[in-house]
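K.L.:
Numbering (our numbering), first residue to last: 1 to 374. Every residue, glycine too, gets a C-beta built ideally from N, C-alpha and C. What follows is a single structure, and I will ask about it in a moment.
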């Protein structure tokens, strides 16, 4: 069988000691299934192996990947060939030097640390287990072992201000981190945080305040040498997440584990989002695919536009087959003209990208473009 060329591999580790109140990813406290999960992931890799080649980037996400022993990571890395970037997500309470050193010795070279906030009140609201002191200890431990460290923050949480959020960034940048991710708090249905919000137990900041937090954070990071390369992501030049850039550019990627998604050329598929069902399927020698979609030509163009506009560099309209459509829309559509005039989008040398003003309202801007062009 001719091997497919995948640029990235994602491994979903679904275990958590306790699920965060805002999280809607598939995860839970079913660690008793960890031995069966480990076997199942390796079995899925074996089932799919004839279609695989080497993966330049590998990302272990969750859930809480460090709940697995280093041998789990080594068992996968030893089977997938050469790689240039291997990331493991960590919660602060798991960032112990011993485990970090073991991971570095088997090929892991990047850590993504879920700090989220240095405010004790915000951490409690979000249902995070760690304290601000845990965050500091974790940063010290991670940065003492790894030179490529990313830190996640959530903005728009109850009680946050511009000043408090910039103080969080200042604290993080007192360590030699190379990458910062800023995620707006989204309250998903079926989460405990949604229930509290619906019952009026807390109020979110006004949209104007959330915009100001984001805008000031962007400026703060750029002034300190962090280049924004995606709506939510900033890096010291050369330390951008290769794995995530591949994802946004719709490079071929494969996912292992329950709920993990894959994309190849124009085909998308997703694994079953239930650990017991996942284990059962794989043990029977079945691929654990639950959803699958084939994108026709126009739908693929739409998807490339949606994903590519998340990147600061935007998209080359000719390369994704939308040069003529956009030219026509620019002549006939007042919506597209308005987006350009307001600085929400920019067009230069055939490349379309969001303007600075467009990043914060990207969903609305991209939706208007999609509705106009298709």
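(1) Start and end of the beta strand (DSSP E) containing residue 180?
(2) At the level of alpha carbons, what is the spacing between residue 277 and residue 255?
(3) Please return the same chain residues whose Cβ sits closer than 6 Å to the Cβ of residue 304, not counting the five positions on each side in sequence.
(4) Using beta-carbon positions only, say whether residue 308 and residue 248 come within less than 8 Å of one another.
(5) With a threshold of 8 Å between beta carbons, is residue 147 in contact with chain C?
(6) Is residue 215 closer than 8 Å to residue 179 when the C-beta atoms are compared?
(7) So, are the CB atoms of residue 119 and residue 146 less than 8 Å apart?
(8) My guess is that residue 183 and residue 154 are in contact by the Cβ rule of under 8 Å, so how many angstroms apart are they, rounded?
(9) Taking only three categories from DSSP, how would you classify residue 116?
(10) State the DSSP-derived secondary structure class of residue 79, mapped to helix, strand or coil.
(11) Considering just the uninterrupted stretch of the alpha helix (DSSP H) at residue 172, what are its terminal residues?
(12) Where does the unbroken alpha helix (DSSP H) through residue 44 begin, and where does it stop?
(13) In the DSSP assignment, find the unbroken beta strand (DSSP E) run with residue 228 in it and report its ends.
(14) In the DSSP output, which residue or residues are listed as bridge partners for residue 62?
(15) Under 8 Å: do the region 25-43 and the region 81-89 share three or more Cβ pairs, one atom per stretch?
(16) Hey, is the region 111-130 in contact with the region 71-80, meaning 3+ C-beta pairs nearer than 8 Å?
(17) Look up residue 316 in the DSSP assignment and give the residues it is bridged to.
(18) Check for me: the beta strand (DSSP E) holding residue 294 runs from which residue to which?
(19) Where do the N-terminal and C-terminal ends of the beta strand (DSSP E) with residue 191 fall, by residue?
(20) Consult DSSP for residue 357 and reduce its assignment to one of helix, strand or coil.
(21) Can you tell which of 165, 361, 223 and 203 has its C-alpha closest to the C-alpha of residue 342?
(22) My parser needs the beta strand (DSSP E) runs of 3 or more residues fully inside the region 94-145; what are they?
(23) Can you give me the Cβ contacts of residue 240 inside the same chain, cut-off strictly under 7 Å, excluding the 5 residues immediately before and after it?
(24) If distances are taken between C-alpha atoms only, which option among 218, 186, 337 and 191 comes closest to residue 205?
(25) Secondary structure at residue 1, three-state DSSP: helix, strand or coil?
(26) From residue 33 to residue 70, what does the alpha carbon distance come to, in whole angstroms?
(27) Using DSSP's beta-bridge definition, name the partner residues of residue 154.
(28) Quick check: residue 30 and residue 55, are their CB atoms within less than 8 Å of each other?
(29) Would you check if the region 256-274 and the region 6-21 touch, i.e. whether three or more CB-CB distances between them fall below 8 Å?
(30) Rounded to whole angstroms, what's the CA-CA distance from residue 97 to residue 323? Just pull it up for me.
(31) Hey, residue 330 and residue 337 are a contact pair by Cβ (cut 8 Å); roughly how many whole angstroms apart?
(32) Is residue 339 closer than 8 Å to residue 315 when the C-beta atoms are compared?
P.N.:
Considering the structure as presented:
(1) The residue you call residue 180 lines up with position 180 of the chain shown. Looking at the DSSP string, the run of the beta strand (DSSP E) that includes residue 180 is 179-184.
(2) Against the chain shown, residue 277 aligns to sequence position 277. Against the chain shown, residue 255 aligns to sequence position 255. C-alpha separation (whole angstroms): 16 Å.
(3) Looking up residue 304 in the chain shown gives position 304. Cβ neighbours of residue 304 beyond the five flanking positions: 250 and 320.
(4) Looking up residue 308 in the chain shown gives position 308. Looking up residue 248 in the chain shown gives position 248. Yes, these two residues count as a Cβ contact at 8 Å.
(5) In summary, chain C is missing from the structure at hand, where a single protein chain is found.
(6) Numbered from 1 along the chain shown, position 179 holds the residue referred to as residue 179. Numbered from 1 along the chain shown, position 215 holds the residue referred to as residue 215. No, the Cβ-Cβ distance between residue 179 and residue 215 is not below 8 Å.
(7) As a first step, residue 119 is located in the chain shown; it is residue number 119 there, counting from the start. As a first step, residue 146 is located in the chain shown; it is residue number 146 there, counting from the start. For residue 119 and residue 146, no; Cβs fall outside 8 Å.
(8) Taking the chain shown and counting its residues from 1, the one referred to as residue 183 is at position 183. Taking the chain shown and counting its residues from 1, the one referred to as residue 154 is at position 154. Right, the Cβ-Cβ distance comes to about 5 Å (below 8 Å), so this counts as a contact.
(9) Taking the first residue of the chain shown as position 1, residue 116 is located at position 116. Three-state result, residue 116: strand.
(10) For the purposes of this step, residue 79 is identified with residue 79 of the chain shown, where counting begins at 1. If DSSP states are grouped into helix, strand and coil, residue 79 belongs with coil.
(11) Start at 1 with the first residue of the chain shown, and residue 172 comes out as number 172. Here the alpha helix (DSSP H) through residue 172 covers 162-172.
(12) Locating residue 44 in the chain shown gives position 44, where the first residue counts as 1. Element bounds for residue 44: 34-48.
(13) Along the chain shown, read from residue 1 onward, the residue named residue 228 stands at position 228. Looking at the DSSP string, the run of the beta strand (DSSP E) that includes residue 228 is 227-230.
(14) Residue numbering aside, residue 62 sits at position 62 when the chain shown is read from its first letter. Looking at the DSSP assignment, residue 62 forms a beta bridge with 13.
(15) no
(16) no
(17) Taking the first residue of the chain shown as 1, we reach residue 316 at position 316. Bridge partners of residue 316: 351.
(18) Against the chain shown, residue 294 aligns to sequence position 294. Residues 289-294.
(19) In the chain shown, the residue the question calls residue 191 occupies position 191. Residue 191 -> no beta strand (DSSP E), and no H or E assigned at all.
(20) Position 357 of the chain shown, counting from 1, holds the residue named residue 357. Residue state, collapsed to three classes: helix.
(21) Your numbering for residue 342 matches position 342 in the chain shown. The option with the nearest alpha carbon to residue 342 is 361.
(22) 110-116
(23) Walking along the chain shown from the start, residue 240 turns up at place 240. Taken in chain order, the residues that qualify are 229.
(24) Translated into the one-based positions of the chain shown, residue 205 becomes position 205. If we check each option's Cα against that of residue 205, 186 comes out closest.
(25) Here residue 1 corresponds to residue number 1 of the chain shown, with the count starting at 1. For residue 1, the predicted model reports a pLDDT of 43, less than 50, meaning its position is unreliable and no value from the coordinates is stated.
(26) Here residue 33 refers to the residue found at position 33 when the chain shown is read from its first residue. Here residue 70 refers to the residue found at position 70 when the chain shown is read from its first residue. The alpha-carbon atoms of residue 33 and residue 70 are separated by roughly 17 Å.
(27) Stepping through the chain shown from its first residue, residue 154 is reached at position 154. Paired residues: 183.
(28) Counting from one through the chain shown, the residue named residue 30 turns up at place 30. Counting from one through the chain shown, the residue named residue 55 turns up at place 55. Their beta carbons are not under 8 Å apart, which means residue 30 does not touch residue 55 by this criterion.
(29) yes
(30) On the chain shown, residue 97 is found 97 positions in, with the first residue counted as 1. On the chain shown, residue 323 is found 323 positions in, with the first residue counted as 1. So the two alpha carbons sit approximately 51 Å from each other.
(31) One-based indexing of the chain shown puts residue 330 at position 330. One-based indexing of the chain shown puts residue 337 at position 337. The pair is a contact, with the Cβ atoms about 7 Å apart (cut-off 8 Å).
(32) On the chain shown, residue 315 is found 315 positions in, with the first residue counted as 1. On the chain shown, residue 339 is found 339 positions in, with the first residue counted as 1. No, the pair does not count as a contact, with Cβ atoms beyond the cut-off.
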